[in-house]
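Per this note's numbering, residue 11 is the first one in the sequence shown, and the count goes up by one each step. All remarks here apply to the structure that follows.
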Amino acid sequence: MEKITRFLWFCSGANFNLLQKSPTESNKYVGIGGTVFFTAVLATLSAGYALFTIFQSIYAAIGFSLIWGLMIFNLDRFIVSSMRKRANVWSEWKMAIPRLIMAVILALVISKPLELKIFEREINRKLDEQKIQMMAESKEALSSSFKEIGVLEARKDSLSRAIQTAISYRDQLQQEYDFERFGVKTDGSSGIVGLGTNAKKKEQQLDEAQLELREMKADNQNRIDLLDQEILAINTQKEAEFQKVKPQIDGFDGIAARIDALSHLTSESKAIWRANIMIILLFIAIETAPIFVKLISLRGPYDQFLELAERNVEVYTSERTIKLEYESDLRLIDMKKTRTI
Numbered sequence: 011m012e013k014i015t016r017f018l019w020f021c022s023g024a025n026f027n028l029l030q031k032s033p034t035e036s037n038k039y040v041g042i043g044g045t046v047f048f049t050a051v052l053a054t055l056s057a058g059y060a061l062f063t064i065f066q067s068i069y070a071a072i073g074f075s076l077i078w079g080l081m082i083f084n085l086d087r088f089i090v091s092s093m094r095k096r097a098n099v100w101s102e103w104k105m106a107i108p109r110l111i112m113a114v115i116l117a118l119v120i121s122k123p124l125e126l127k128i129f130e131r132e133i134n135r136k137l138d139e140q141k142i143q144m145m146a147e148s149k150e151a152l153s154s155s156f157k158e159i160g161v162l163e164a165r166k167d168s169l170s171r172a173i174q175t176a177i178s179y180r181d182q183l184q185q186e187y188d189f190e191r192f193g194v195k196t197d198g199s200s201g202i203v204g205l206g207t208n209a210k211k212k213e214q215q216l217d218e219a220q221l222e223l224r225e226m227k228a229d230n231q232n233r234i235d236l237l238d239q240e241i242l243a244i245n246t247q248k249e250a251e252f253q254k255v256k257p258q259i260d261g262f263d264g265i266a267a268r269i270d271a272l273s274h275l276t277s278e279s280k281a282i283w284r285a286n287i288m289i290i291l292l293f294i295a296i297e298t299a300p301i302f303v304k305l306i307s308l309r310g311p312y313d314q315f316l317e318l319a320e321r322n323v324e325v326y327t328s329e330r331t332i333k334l335e336y337e338s339d340l341r342l343i344d345m346k347k348t349r350t351i
């Protein structure tokens with residue numbers, strides 16, 4: 011237990027010798043040190059997630075996140091240890107304001123990667139939506155670059171419509187021929203059963219239409235096959251161009267993309283916006299807690315011992331300065347006397 015206490019004293023930046031002389035201050039600096047330590051732990055976890063997202067390597071993420079955590083730990087320890095309890099409250103606040111600003115900036119930096127982790131599922135869903143939209147836009151852009159596909163498809167449709175028109179005409183002649191054979195009375199048939207003159211004429215027209223249809227099918231199908239080959243070649247080229255862009259879309263998963271997705275989510279959902287604000291405020295409270303503890307706590311024995319130690323150094327330095335100046339003046343006087351003689 012003593013080792014943990016001394017470690018937390020170290021985290022708070024307190025002087026061990028002075029704290030041992032003022033045991034009533036021990037718990038306060040244990041609490042301050044614990045806040046500094048756990049803030050550094052959160053900073054390490056936050057940086058680890060952010061760096062893993064960037065590098066996609068657990069070893070690089072662990073290495074750099076430890077360096078980041080130690081840097082945050084050192085900054086927080088410096089911010090807390092450099093504050094002094096004075097008799098003048100306003101002077102304390104003047105010292106605290108720049109430290110509070112730095113603490114808020116650190117809290118905003120530390121909280122962002124953890125926000126991304128907390129809303130990871132929602133962010134992934136938003137990124138998928140953006141990827142789908144980007145793919146659609148990419149395909150649309152490629153389609154506008156390969157307009158000849160539309161022209162070739164229109165030619166195919168024209169040839170297919172011509173075949174369908176010929177088939178419809180052949181079917182119409184077939185029906186008229188059947189009506190004429192079976193004696194069905196219509197505007198175009200005589201109504202006499204049997205293969206009469208009209209029926210033979212209809213049969214001749216049907217044979218001619220069937221022959222034309224057969225020739226048209228063969229000719230148009232050859233043209234359609236050639237058009238299909240051209241369309242296939244262009245589509246292959248189009249797909250190759252899309253495959254060049256696709257990895258960039260699939261890789262749209264970096265830290266900046268996630269921050270942008272979180273920004274969209276907070277603007278679309280008030281619930282997510284409130285939760286995001288609460289997380290930021292929580293980290294600001296954690297980061298600024300040691301500073302506020304020092305501000306609102308009463309001036310204790312440790313602060314008096316610390317001021318006394320600093321005052322001793324100041325007085326000792328002044329005495330040494332005066333003594334050195336006095337000795338220097340004596341030496342100068344002696345030198346002048348020697349020259350005069």
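For each residue, glycine too, the CB sits at the ideal point set by N, CA and C. All values derive from a computational prediction rather than experimental measurement.
Is it true that the CB of residue j sits closer than 7 Å to the CB of residue i?
{"i": "N230", "j": "I173", "result": "yes"}
{"i": "P300", "j": "I42", "result": "yes"}
{"i": "I259", "j": "K141", "result": "yes"}
{"i": "I289", "j": "T49", "result": "no"}
{"i": "E213", "j": "Y187", "result": "yes"}
{"i": "F189", "j": "K248", "result": "no"}
{"i": "I107", "j": "R268", "result": "no"}
{"i": "Q215", "j": "L183", "result": "yes"}
{"i": "G44", "j": "L18", "result": "yes"}
{"i": "L110", "j": "E251", "result": "no"}
{"i": "L291", "j": "I282", "result": "no"}
{"i": "A285", "j": "L137", "result": "no"}
{"i": "R309", "j": "K95", "result": "yes"}
{"i": "K304", "j": "M93", "result": "yes"}
{"i": "R87", "j": "V46", "result": "yes"}
{"i": "V255", "j": "S154", "result": "no"}
{"i": "L223", "j": "A176", "result": "yes"}
{"i": "L316", "j": "L28", "result": "yes"}
{"i": "D165", "j": "L237", "result": "Before going further, note that residue 165 is Arg rather than Asp in the sequence given. For R165 and L237, yes; Cβs fall inside 7 Å."}
According to DSSP, simplified to helix, strand and coil, what is residue i?
{"i": "A24", "result": "coil"}
{"i": "Q66", "result": "coil"}
{"i": "L80", "result": "helix"}
{"i": "M11", "result": "coil"}
{"i": "R94", "result": "coil"}
{"i": "K157", "result": "coil"}
{"i": "S101", "result": "helix"}
{"i": "R309", "result": "coil"}
{"i": "G261", "result": "coil"}
{"i": "S36", "result": "helix"}
{"i": "F129", "result": "coil"}
Over what stretch of residues does the alpha helix (DSSP H) that includes residue i continue unbroken?
{"i": "L272", "result": "265 to 278"}
Can you tell me whether residue i is buried or exposed? The criterion is at least 16 other CB atoms within 10 Å of its CB, across all chains shown.
{"i": "L334", "result": "exposed"}
{"i": "L242", "result": "exposed"}
{"i": "T54", "result": "buried"}
{"i": "G122", "result": "For the sequence presented, residue 122 should be read as Lys rather than Gly. Looking at its Cβ environment, which holds 16 or more other Cβ atoms inside 10 Å, K122 is buried."}
{"i": "Y336", "result": "exposed"}
{"i": "S56", "result": "buried"}
{"i": "R330", "result": "exposed"}
{"i": "E125", "result": "buried"}
{"i": "S168", "result": "exposed"}
{"i": "K346", "result": "exposed"}
{"i": "T298", "result": "buried"}
{"i": "F293", "result": "buried"}
{"i": "A146", "result": "exposed"}
{"i": "T84", "result": "The sequence shown places Asn at residue 84, not Thr. That one is exposed."}
{"i": "W78", "result": "buried"}
{"i": "L61", "result": "buried"}
{"i": "A319", "result": "exposed"}
{"i": "V90", "result": "buried"}
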